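Each remark here refers to the structure printed beneath this line.
Residue numbers (the numbering used here): 1 to 188.
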């Protein structure tokens, strides 16, 4: 018997009812040769799948596992890098606050130094100005005194000349002049 005949024969063994439909011995279970041939076909298919598709499936599963492991390792590395970067940022933030405080303290110190320097220069300029002003006042006072003395001397000289000329007669004036000349001559 051929294979095709063996497959078709169980189909012919079913009974035919009044409508012409095939009726089996059980409404749930198929005929016994169908179970045998179906089981053998399933075993052959499964064996072929295990032999040929099994390594490909194992290889695909191993590649999938490796890909997932790489993704997990990459995620762990990214998490570690992010944690390191977060630590650096926090440290830099702390450094920024410290740097800001240092810069502000330095600016305050510079402002205080500039203020003290300005005050010292102002004090020095005031002292120099006071000294110059006192010197100028003394010079003006001395000049005014000299001018006043010169004016008084000129006025007193004119007054003496006027008084002497008006009150002296010619003989007294001649006698004074000769006495002056004699004193000057004796002093030499």
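The C-beta atom is built at its ideal place from N, Cα and C for all residues, glycine as well.
None of these values were measured; they are calculated from a predicted model.
Within the model, the alpha-carbon separation for residue 128 versus residue 151 is close to 34 Å. In the DSSP assignment, residue 186 falls within the unbroken alpha helix (DSSP H) covering 170 to 187. Per the coordinates, the alpha-carbon of residue 184 lies some 12 Å from the alpha-carbon of residue 176.
The Cβ-Cβ distance between residue 25 and residue 31 falls below 9 Å.
Look at residue 152 here: in three-state DSSP terms it is helix.
In the three-state scheme derived from DSSP, where H, G and I count as helix and E and B as strand, residue 16 is classed as strand.
Between residue 82 and residue 93, the alpha-carbon positions lie close to 16 Å from each other. In the DSSP assignment, residue 28 falls outside any alpha helix (DSSP H) and carries neither an H nor an E. Within the model, the alpha-carbon separation for residue 77 versus residue 107 is close to 43 Å. For residue 49, there is no enclosing alpha helix (DSSP H), as DSSP marks it with neither H nor E.
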